[in-house]
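Here is the structure we will look at.
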Amino acid sequence: MALAALAGCSAPRSIVQGPVRSGPLGSVESRELTADQQVAHALNRLAFGPRPGDLARIRAMGVDKWINEQLDPAQIDDRHASSLIASAFPALEKDAASLMREYPLPNLVQAQARRDGDGMSREDSLRLRDAARASQRIVTELQSAKIARAVASERQLEEVLVDFWENHFSVFIGKNQPMRYYMVSYGRDAIRPHALGKFRELLGAVAKSPAMLVYLDNWQSMADSGRPRLDSRMGPAARRRMAVVQQQRRMRGLNENYARELLELHTLGVDGGYTQQDVIEVARALTGWSLRAPQAGGGFVFRAEMHDAGAKVVLGHRLPAGRGLEDGEDVLDIVSRHPATAHHIALKLARRLVSDSPPAELVDRAAATFRNTDGDIRETVRTIVSSPEFWSTEAWRAKVKSPFETVVSAMRALGAAPDTTPRTAMVVAYLGQPVYGHQAPNGWPETGNEWINTGAILNRINFGLAAAAGRIPGTRIASLPGFAELRTASREAQVDAVGRMLFAGDMSVDTRNVLLRGENPLASGAAEGAASEKADEPPPMMMAEGVPAQRGMAGRAMMLRRPPQLSGLEQIVGLALGAPEFQRR
Amino acid sequence: MQRRVFIRDGALALVTLGLSPSFLRRTAFGAGLTSGVARGKTLICLFQRGAADALNVVVPHAEQAYYAMRPNISIPRPGSRAGISAIDLDGFFGLHPSLSPLQPLWKRGMLAPIHAVGSPSATRSHFDAQDYMESGTPDVKGTSSGWLNRYLAAQGTCAECDTRQASPFRAVSMTQQTPRIMEGPEPAIAMSSLDSFQIRATGSEVQRLEALYRTGSADLVHGAANEMFDAVKMLRDADPQRYAPENGAEYPRSQFGQRLRQIAQLIKAGVGLEVAFADVGGWDTHVNQGGAQGQLANRLDDFARAIAALVTDLGERMGDVVIMTMSEFGRMARENGSGGTDHGHAGSMFVIGGNVKGGKVLGRWPGLEREQLFEERDLALTTDFRSVFSEVARIQRFRGRLARRVVAKTGMAA
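These protein sequences, in sequence, are chains A and B. Residue numbers for the first sequence follow the working numbering, so the first one is 1 and each next one is one higher. Residue numbers for the second sequence follow the working numbering, so the first one is 1001 and each next one is one higher.
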């Protein structure tokens, strides 16, 4: 590694490691939120919302102590959620190679059928169908497990940050069939171990993950003809492979896709001060970062025969000629320590945790922590959650929930057991955010205006009604603690109990009045008869062969059956889940 | 990456430039609408996902090489027997016999097939090719918006409408999720059916829900919700349940047919629909694709009957409507060993409308001899799909300058 030679790339190692820190986070006096609000705020930002009992428990233990615990997830006992997920989603424990053996790719089954005879026999068709179903199961397990963890894990901040990084390094599971096998390892081995770790290590794990190598095509990127190669390192086998590779038309030369997104999305940011020439140089440095046996689940491999061994200049740093894998490693060092990257990551974290337009001073401080700790994610997050800005009234309910957050927070609020069927994932997809289903590399929006529009709010209101009617698996309002006694209580007591459960007690006068009286002073009569009582026809199950992640038919069927006849407590919960307060966090 | 031929903007002369005279205000069903959207123009995009086999859709029946490369699946030359041979268009090309419902549109000059058209990207990945066709930026992955969304953004809404008061139904995708082509900052509604666009509650609960938001708060969530309640009422007033197609149009009972029927409903309801989208799968015919009959024929039958019904149903309104069909790439010129075709390169599109200068197969035909094929195997590309998008966008809405911005975020080679 020529790292030491790279000016500007040396930074002090993090001094903050080891035992859990305790004590207050920043100045407690400067916090504008009330003590109760602080607990609710922390649970809405550093977790996927409160479960029954969480508010009182964390208020009693102290919110700063809870946050300090969350910042060190390894110390939190999470065996319950882990064992639940391990038993419900067995595919997710396996590596890509064994997954591919046990759930063969449908197109390989098809190819086998072709080799065996002139066309597809009936048996071939059945085999193909079974293979497609089996490998589809990996997709549904991945989607459901992500939701189940978010609902059930005690390591909530880790889940929030895993979600954040999976979105920052977004990969589309429907890109092709092998992608689903690689996605199992992507979240588990590349993202999760580093979610609160060092950014450079996270970036490196992503860069070498088969999922990212396939998604942005780097595994096929090779030196343009005429570029110097590492001939001296090429044995006879490598030369033969090289000849094969050159004959394969798909591998026709340099592919800039990953290099471009690495700079634009993953590190420096779109205004990070790089040029098209930097993109090309980065792409050249990363040639040969490829895959072993892509159809059989092999992992990362550096292919010297594909590598461009010429000298390169990346963001002003000179990479000498004649090197191999080190070129790419140096590039990751350079971009992860670039000041624009510190700012870009700090801004995105603050946008997720504080508000859509976080205060510039806060972003600057978080970026400074990022630089001073050599890209320590835990410490950057600590700077943000210790800040007065995090605890300001401006930040209170400033974020609009994504569909994923809406569903998970509702399930947590209703004390739902994690769903081991694919149904909840279908509801999330129906609300517009199929898990691992974002096609473009920029990931799902992190700001509210992109989530809230006419169609979205309608679906959210319908989701609330369906959840209150017990249609979302695991939600049983009747069995919530204290609800048996509430049945006979006054409407006022019921409304306030639901308000504590779903809004942490902070509910607008308007909302409370509507829930309380059920009268509509502004639109009386306007909506009379608006809803059809007619049962929906079952949707024609003629499935377009879309990407597997985007099938929301069952979600639709679940949400859109006959209007639920809600009364009493269920009605209050249904209305409250559709209230403006619950759309925010 | 070699970009072969770019047809410059306008060179296709696809569409006549006359603006439709009728900007009739719709009053009957627009009562719940705050902004009074005028009856404008509608662009309907239909995506055949899976890569339709263009050579069996618009058949080059005068090419000997076509029959030589497809001994088992070719469409017989016109004239042999109706129903099992190509429907001749111009002595060189013919339509697949299952496309007979489109033949009247060809005769009336409303149908313009375009051949050897597609994305200049050499990818044969369904995902990448669909992604490029929907983002409008071949070989650029990072484009976050779809070109239909940029189409909406480029010039607000119809000339006489205020953008800020645009109809919530400006852009509707008859799909479960918002498709890539419509993603972006401009609001778009995705719905699998019109009757899914209602609040699943009884009347009094709907009132309560509405009251939660009619509080005078002016933030994002309240604003969107109020718009939604208006939109639900607007659609209810349009009464999609009682819709009866006009002019004897008969839509197939398939999902695709029913979705086109609902697009017609929205257009006639005058809710301000400017862009509609629907997709249909089943085109990835690697195995047993059939010829004049069979798998592909069945897909085309549904496809053509649905489109023909939509055109019939809309009647004179077709003067304000352009329908454009697309598929991510074509298929190999040669049939494979399983009675099917593998992934190829250039494909075909249909553009249909009252203002379309049809009755002619557009695009330069590159030929099917070995040396004329792309990589010696696929139909070569002579028309960039973006030039078709530009042309259509231009007639529907814009001057050329804006149209170029719509389809080419990163700048289209001139």
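Every residue gets a Cβ at the ideal spot worked out from N, C-alpha and C, and that includes glycine.
Same chain, Cβ closer than 6 Å to residue i, neighbours up to 5 away in sequence not counted
i         : result
PRO1245/B : ASP1313
ARG1334/B : MET1069
Alpha carbon of residue i to alpha carbon of residue j, nearest angstrom
i         : j         : result
MET183/A  : SER402/A  : 22 Å
VAL1271/B : MET1234/B : 7 Å
GLY324/A  : GLY310/A  : 10 Å
GLU1186/B : SER409/A  : 28 Å
VAL1206/B : VAL160/A  : 34 Å
PHE82/A   : ASP54/A   : Looking at the sequence provided, one finds Ser at residue 82/A rather than Phe. Cα-Cα distance, rounded: 20 Å.
LEU566/A  : LEU105/A  : 45 Å
PRO1060/B : ALA132/A  : 35 Å
LYS1107/B : PHE1197/B : 38 Å
ILE477/A  : ALA416/A  : 9 Å
THR1178/B : ARG1394/B : 24 Å
ASN107/A  : ILE377/A  : 41 Å
VAL301/A  : ALA1188/B : 43 Å
GLY297/A  : ALA1346/B : 32 Å
GLU1250/B : MET1182/B : 28 Å
ARG512/A  : ALA152/A  : 30 Å
LEU577/A  : ASP1237/B : 27 Å
GLN1262/B : ARG1317/B : 15 Å
GLY1050/B : HIS1126/B : 7 Å
Residue i, buried or exposed, once every other Cβ within 10 Å from all chains shown has been counted against 16
i         : result
LEU1024/B : With a pLDDT of only 19 at LEU1024/B, under the threshold of 50, the placement of this residue in the model should not be trusted; the figure read from the coordinates follows. The residue in question, LEU1024/B, is exposed, as its Cβ has fewer than 16 Cβ neighbours within 10 Å.
GLU1210/B : buried
GLY1109/B : exposed
GLU93/A   : exposed
ILE1073/B : buried
HIS307/A  : buried
SER1338/B : buried
ILE1084/B : exposed
ARG517/A  : exposed
ILE572/A  : buried
GLU492/A  : exposed
ASN167/A  : buried
HIS80/A   : exposed
VAL1392/B : buried
ARG352/A  : buried
ASP61/A   : Just to set this straight, residue 61/A is Met in the shown sequence, not Asp. So MET61/A counts as exposed.
ASP130/A  : exposed
THR1137/B : buried
Nonlocal neighbours in the same chain, by C-beta distance under 8 Å from residue i, ignoring five residues either side
i         : result
GLN38/A   : ARG31, VAL63, TRP391
ASP1090/B : LYS1360, VAL1361
LEU1300/B : VAL1057, HIS1096, SER1098, LEU1099
Reduced DSSP category for residue i - H, G, I as helix; E, B as strand; rest coil
i         : result
TRP1283/B : coil
PRO949/B  : No answer is possible for residue 949/B: the residues shown for chain B start at 1001 and end at 1414.
MET222/A  : coil
PHE199/A  : helix
ASP1378/B : strand
VAL1206/B : helix
SER1173/B : strand
GLN37/A   : helix
ALA42/A   : helix
ILE173/A  : coil
GLY1083/B : coil
LEU1033/B : At LEU1033/B the pLDDT is 29, less than 50, meaning the model places this residue with poor confidence; the figure from the coordinates comes in the next sentence. In the structure shown, LEU1033/B sits in coil (DSSP, three-state: anything other than H, G, I, E or B).
TRP289/A  : strand
GLN1064/B : helix
Minimum Cβ-Cβ distance from residue i to chain D less than 8 Å
i        : result
GLU261/A : Of the protein chains in the structure, A and B, none is chain D.
Per-residue contacts from residue i into chain A (C-beta, under 8 Å)
i         : result
THR1143/B : ALA440
PRO1078/B : The premise fails here: PRO1078/B is roughly 28 Å from chain A at the closest Cβ pair, so nothing lies under 8 Å.
Beta-carbon neighbours of residue i, restricted to chain B and to distances below 7 Å
i        : result
LYS348/A : Within 7 Å Cβ-Cβ: nothing; LYS348/A doesn't reach chain B, min ~15 Å.
LEU480/A : Near LEU480/A there are no residues of chain B at all, since even the closest Cβ is about 21 Å away, more than 7 Å.
Same chain, Cβ closer than 7 Å to residue i, five either side skipped, listed in chain order
i         : result
ASN1247/B : THR1312, ASP1313, GLY1315
Closer than 7 Å at the beta carbon, the chain A residues around residue i
i         : result
VAL1271/B : Under the 7 Å cutoff, chain A gives no residues; its nearest Cβ is about 12 Å from VAL1271/B.
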